[in-house]
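**Q** First residue of the sequence shown: 21, per this note's numbering; consecutive thereafter.
Ideal placement from N, C-alpha and C gives every residue a C-beta, glycine not left out.
The structure under discussion is supplied below as structure tokens; questions concerning it will follow.
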Amino acid sequence: MVRFLRFTPIDFAVWNDRFAGVLMTLAVLTALPFASNRPLWWLIWTVAIAGLACLYQLLVWRCRTKAAARARPFAGLFALAALVPAFALVQASDLRGLLPHFAPKMPADLHDLAGGSLSVVPEASQIGALRFCGYLLFLALVIEVSTRRGRVEWMSRILFFGITLQAIWALVALNLLGDVTLFAKKTAYLGMATGSFVNRNALACFLGFGLILGAALLGTRALPGQQAARGLRAVFMQFRGGGAVIAVGMLLQALALVATQSRLGLLATIVGLTMAVLLRLRLRGWRHGFWPLLALGVALIFGLLWGQGVAERLLLTQSDGATRLALYRQILTMIQMRPLTGFGFDGFAPAFEAFRAPPLNLAVSYGHGHNTYLTLWAELGVLVGSLPPLLCLAAGVICLRRLRQGDGFSANAVAAIGALVLAGLQSAADFSLEIPANTYVFLAMLGMGAAQRSSGTRAQPLA
Numbered sequence: 021m022v023r024f025l026r027f028t029p030i031d032f033a034v035w036n037d038r039f040a041g042v043l044m045t046l047a048v049l050t051a052l053p054f055a056s057n058r059p060l061w062w063l064i065w066t067v068a069i070a071g072l073a074c075l076y077q078l079l080v081w082r083c084r085t086k087a088a089a090r091a092r093p094f095a096g097l098f099a100l101a102a103l104v105p106a107f108a109l110v111q112a113s114d115l116r117g118l119l120p121h122f123a124p125k126m127p128a129d130l131h132d133l134a135g136g137s138l139s140v141v142p143e144a145s146q147i148g149a150l151r152f153c154g155y156l157l158f159l160a161l162v163i164e165v166s167t168r169r170g171r172v173e174w175m176s177r178i179l180f181f182g183i184t185l186q187a188i189w190a191l192v193a194l195n196l197l198g199d200v201t202l203f204a205k206k207t208a209y210l211g212m213a214t215g216s217f218v219n220r221n222a223l224a225c226f227l228g229f230g231l232i233l234g235a236a237l238l239g240t241r242a243l244p245g246q247q248a249a250r251g252l253r254a255v256f257m258q259f260r261g262g263g264a265v266i267a268v269g270m271l272l273q274a275l276a277l278v279a280t281q282s283r284l285g286l287l288a289t290i291v292g293l294t295m296a297v298l299l300r301l302r303l304r305g306w307r308h309g310f311w312p313l314l315a316l317g318v319a320l321i322f323g324l325l326w327g328q329g330v331a332e333r334l335l336l337t338q339s340d341g342a343t344r345l346a347l348y349r350q351i352l353t354m355i356q357m358r359p360l361t362g363f364g365f366d367g368f369a370p371a372f373e374a375f376r377a378p379p380l381n382l383a384v385s386y387g388h389g390h391n392t393y394l395t396l397w398a399e400l401g402v403l404v405g406s407l408p409p410l411l412c413l414a415a416g417v418i419c420l421r422r423l424r425q426g427d428g429f430s431a432n433a434v435a436a437i438g439a440l441v442l443a444g445l446q447s448a449a450d451f452s453l454e455i456p457a458n459t460y461v462f463l464a465m466l467g468m469g470a471a472q473r474s475s476g477t478r479a480q481p482l483a
């Protein structure tokens, strides 16, 4: 206890290492209990992150460190992001006491459910606001600890190998254990890899993040003689120092990704991975042959593993697309009724029931809008609902700036941009980023990519 009260500024680096490991481990563990897509797990992880944030602030005070908060340059963006949970709490409030004549425009079926609030499910909006605050705290902590190149590379490896373990479990559960899930009997997506997730598309997004992170990790460490190496010699030198293990992990992730039979997940991953590869080529110079060969190798893997399941599902794209377009048209009707206030954060499922009509199958429930952008607008309104995608766009600009100025971690900035491309594409026709496990991994990659290198650390060449 006495030692705890006598920290020195030097000890703070050790604590940053420990916090970095805990944060990345937490991001990986969120995938285990059904990708944490349950309110109970939202609260558990939010409480854990809040506790870590309080402990971190206490350590800052005890160590008397003079270093400024690393998240301070992003204070404006965090303030804008905080408008989302703040507005969600406003939606959940009973406004009749403040506005006696308040009567939100709403279908008759939803009046009794909403009461005097803007949200059709006030309790869900309150819990959703807490979950979103947990996301912001987690992102801030990742930025705070991402100050040294060695630590950030270590964080990336924890995240990557955690995703690889998920890929291994998905393959084992599908092919060796009779297509089972981790905690319950599997009733949907039979014959497709789901791992510890419920939805195959969500797992595909998770694995796609791992592939992009693995591609960025390969070649991050400059090995003796590597700078002068060219051609095939440079390629083989990349697989030293653990590079071969990363390559095997990427292969396992690619196998599991194809086993999900997710068309959009596969396409979004290829596009995001290609973007990451092109950026790495641009940074290191086109004469280096490793990244083109890596891109070709990944493309061949996807081609060989395309599989009968994905090919058969491609034949259903037209019919599935007609159903999806009908869904989107009905969501747009929701948005038109309440374009500014929305129907409440996390209130899409019950609100949509008042708008659902043929040709949608009335026997099928729609808990998600299968388009994160439209879902945000339906829940939060066009103004507040546009904040998350706009903030992600701003994060991409920050990562590009890190690449140009060389004041960040180039490999992680590249991975963050690739993850943004993947998430942006998949969110246009699915809800994978609405799954907490995917969101935590996405924010971890974003935080490491946008973080600025410590001024006390000697500048490193672009890896």
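Do the region 393 to 402 and the region 342 to 360 touch if we need at least three Cβ pairs shorter than 8 Å?
**A** Counting Cβ pairs under 8 Å, three or more are found: they touch.
**Q** Could you check what DSSP says for Arg473 in three-state terms: helix, strand or coil?
**A** By 1-based counting over the sequence shown, the position of residue 473 is 453. Three-state result, Arg473: coil.
**Q** To the nearest angstrom, report how far apart Glu169 and Ala435 are at their CA atoms.
**A** In the sequence shown, counting from the first residue as 1, residue 169 sits at position 149. In the sequence shown, counting from the first residue as 1, residue 435 sits at position 415. Looking at the sequence itself, residue 169 is Arg, so the reference to Glu does not match. So the two alpha carbons sit approximately 15 Å from each other.
**Q** Closest to Ala208 by C-alpha separation, out of Leu466, Asn219, Leu202, would be which residue?
**A** In the sequence shown, the residue the question calls residue 208 occupies position 188. The option with the nearest alpha carbon to Ala208 is Asn219.
**Q** Return the first residue and the last residue of the alpha helix (DSSP H) that Ser139 is part of.
**A** Translated into positions along the sequence shown, residue 139 becomes position 119. Per DSSP, Ser139 belongs to no alpha helix (DSSP H) and is neither H nor E.
**Q** Leaving out five residues before and five after Leu380 in sequence, what residues of the same chain have Cβ atoms less than 8 Å from its Cβ?
**A** Looking up residue 380 in the sequence shown gives position 360. Excluding residues within five positions, the ones whose Cβ falls inside 8 Å are Thr343, Ala346, Leu347, Gln350, Tyr386.
**Q** Do you know how far the Cα of Ala89 is from the Cα of Gln281?
**A** As a position in the sequence shown, residue 281 is number 261, starting the count at 1. As a position in the sequence shown, residue 89 is number 69, starting the count at 1. Those two C-alpha atoms are separated by around 43 Å.
**Q** Quick check on the burial criterion: 16 or more other C-beta atoms within 10 angstroms. Buried or exposed for Cys419?
**A** For the purposes of this step, residue 419 is taken as residue 399 along the sequence shown, with counting starting at 1. Cys419 is buried by the Cβ-count criterion.
**Q** Cα separation between Thr292 and Leu115?
**A** Taking the sequence shown and counting its residues from 1, one reaches residue 292 at position 272. Taking the sequence shown and counting its residues from 1, one reaches residue 115 at position 95. Just to set this straight, residue 292 is Gly in the shown sequence, not Thr. Those two C-alpha atoms are separated by around 44 Å.
**Q** Residues in its own chain within less than 6 Å of Leu335 by CB, not counting five upstream and five downstream?
**A** Stepping through the sequence shown from its first residue, residue 335 is reached at position 315. Unreliable placement is indicated for Leu335, whose pLDDT of 44 sits below 50; the coordinate value is still reported in the next sentence. Taken in chain order, the list of residues that qualify is empty.
**Q** Locate the alpha helix (DSSP H) running through Met270, then write down its first and last residues.
**A** As a working note, residue 270 is residue 250 in the sequence shown. From DSSP, the alpha helix (DSSP H) with Met270 extends over 263 to 279.
**Q** Look at the alpha carbon of Ile290 and the alpha carbon of Leu78, and state the distance between them as a whole number of angstroms.
**A** Locating residue 290 in the sequence shown gives position 270, where the first residue counts as 1. Locating residue 78 in the sequence shown gives position 58, where the first residue counts as 1. Near 43 Å, if we compare the C-alpha coordinates of Leu78 and Ile290.
**Q** Just to check my reading of the structure: Ser166 and Gly467 have Cβ atoms closer than 8 Å, yes? What is that Cβ distance to the nearest angstrom?
**A** Here residue 166 refers to the residue found at position 146 when the sequence shown is read from its first residue. Here residue 467 refers to the residue found at position 447 when the sequence shown is read from its first residue. The pair is a contact, with the Cβ atoms about 6 Å apart (cut-off 8 Å).
**Q** Under 8 Å between the Cβ atoms of Ser139 and Gly367?
**A** Within the sequence shown, the letter at position 119 stands for residue 139. Within the sequence shown, the letter at position 347 stands for residue 367. Going by C-beta atoms, Ser139 is nearer than 8 Å to Gly367.
**Q** Can you give me the C-alpha to C-alpha distance between Arg473 and Ile147, rounded to a whole angstrom?
**A** Walking along the sequence shown from the start, residue 473 turns up at place 453. Walking along the sequence shown from the start, residue 147 turns up at place 127. Roughly 35 Å separates the two Cα atoms.
**Q** For Leu396, I'd like the list of residues in its chain whose CB is within less than 7 Å of its CB, leaving aside the five on either flank, ordered along the chain.
**A** Here residue 396 is taken as the residue at index 376 of the sequence shown, counted from 1. Contacts found: Gly405, Pro408.
**Q** I'd like the ranges of any beta strand (DSSP E) spanning at least 3 consecutive residues and lying wholly in the region 70 to 106.
**A** If we require 3 residues or more, the region 70 to 106 turns out to have no beta strand (DSSP E) run fully inside it.
**Q** Thinking C-alpha only, which one of Leu227, Leu284, Gly438 is nearest Met270?
**A** By one-based count along the sequence shown, residue 270 stands at place 250. Here the closest residue by C-alpha is Leu227.
**Q** Measure the C-alpha to C-alpha separation of Ala55 and Phe217 and round it to an integer number of angstroms.
**A** Against the sequence shown, residue 55 aligns to sequence position 35. Against the sequence shown, residue 217 aligns to sequence position 197. Looking at the two C-alpha atoms, the distance is approximately 5 Å.
**Q** Measuring alpha carbon to alpha carbon, tell me which residue in Ala414, Leu352, Cys225, Ile183 is nearest Met44.
**A** Position 24 of the sequence shown, counting from 1, holds the residue named residue 44. The candidate whose alpha carbon is nearest that of Met44 is Ile183.
**Q** Which runs of the alpha helix (DSSP H) at least 4 residues long sit entirely within the region 416 to 479? Give them in chain order.
**A** With a minimum length of 4 residues, the continuous alpha helix (DSSP H) runs that stay inside the region 416 to 479 are 430 to 447, 456 to 470.
**Q** Should Ala112 and Ser137 be called a contact, given that it needs their Cβ atoms to be closer than 8 Å?
**A** The residue you call residue 112 lines up with position 92 of the sequence shown. The residue you call residue 137 lines up with position 117 of the sequence shown. Yes, they are a contact pair.
**Q** Count Cβ pairs between the region 186 to 199 and the region 54 to 70 that sit closer than 8 Å; are there 3 or more?
**A** The region 186 to 199, when compared against the region 54 to 70, does not touch it at the 8 Å Cβ threshold.
**Q** Nearest to Phe32 by alpha carbon, out of Gly263, Asn221, Glu164?
**A** Locating residue 32 in the sequence shown gives position 12, where the first residue counts as 1. It is Glu164 whose Cα lies nearest to the Cα of Phe32.
**Q** So Gly182 is in the alpha helix (DSSP H); what residue range does that whole segment cover?
**A** One-based indexing of the sequence shown puts residue 182 at position 162. Start and end: 169 to 195.
**Q** At the level of alpha carbons, what is the spacing between Phe229 and Ala439?
**A** If you number the sequence shown from 1, residue 229 lands on position 209. If you number the sequence shown from 1, residue 439 lands on position 419. The straight-line gap from Cα to Cα measures roughly 6 Å.
**Q** Cα-Cα, which of Leu159, Val110, Ser447, Ala149 is closest to Gly389?
**A** Counted from its first residue, the sequence shown places residue 389 at position 369. Residue Ser447 is the option with its Cα nearest to Gly389.
**Q** Measure the C-alpha to C-alpha separation of Ala415 and Ala144 and round it to an integer number of angstroms.
**A** As a working note, residue 415 is residue 395 in the sequence shown. As a working note, residue 144 is residue 124 in the sequence shown. Each residue's alpha carbon lies about 28 Å from the other.
**Q** Roughly how many whole angstroms lie between the Cα atoms of Phe98 and Ala108?
**A** Stepping through the sequence shown from its first residue, residue 98 is reached at position 78. Stepping through the sequence shown from its first residue, residue 108 is reached at position 88. For Phe98 and Ala108, the distance between alpha carbons rounds to 16 Å.
**Q** Nearest CA to the CA of Leu298: which residue from Phe451, Ala470, Ala235, Thr66?
**A** Here residue 298 corresponds to residue number 278 of the sequence shown, with the count starting at 1. Considering only alpha carbons, the answer is Ala235.
**Q** Let me make sure I understand the geometry here. Which of Arg376, Phe181, Ala101, Gly154 has the alpha-carbon closest to that of Gly41?
**A** What you label residue 41 is simply residue 21 of the sequence shown in a count that begins at 1. For the residues Arg376, Phe181, Ala101, Gly154, the minimum Cα distance to Gly41 belongs to Phe181.
**Q** Can you give the Cα-Cα distance for Asp37 and Val461, rounded to whole angstroms?
**A** Taking the sequence shown and counting its residues from 1, one reaches residue 37 at position 17. Taking the sequence shown and counting its residues from 1, one reaches residue 461 at position 441. About 18 Å.
**Q** Does the Cβ-Cβ distance between Thr66 and Gly154 come in under 8 Å?
**A** The residue given as residue 66 occupies position 46 in the sequence shown. The residue given as residue 154 occupies position 134 in the sequence shown. Yes. Within cutoff.
**Q** Using only CA atoms, which one of Cys412, Leu75, Ser430, Arg424 lies nearest to Leu442?
**A** Looking up residue 442 in the sequence shown gives position 422. Of the listed residues, the one whose Cα sits closest to Leu442 is Cys412.
**Q** Just the C-alpha distance for Leu237 and Phe363, rounded to the nearest angstrom, thanks.
**A** Reading the sequence shown from its first residue, position 217 is the one you call residue 237. Reading the sequence shown from its first residue, position 343 is the one you call residue 363. Rounded to whole angstroms, Leu237 to Phe363 spans 42 Å at the Cα level.
**Q** Check whether the Cβ atoms of Leu463 and Val110 sit closer than 8 Å, and answer yes or no.
**A** By 1-based counting over the sequence shown, the position of residue 463 is 443. By 1-based counting over the sequence shown, the position of residue 110 is 90. Going by C-beta atoms, Leu463 is not nearer than 8 Å to Val110.
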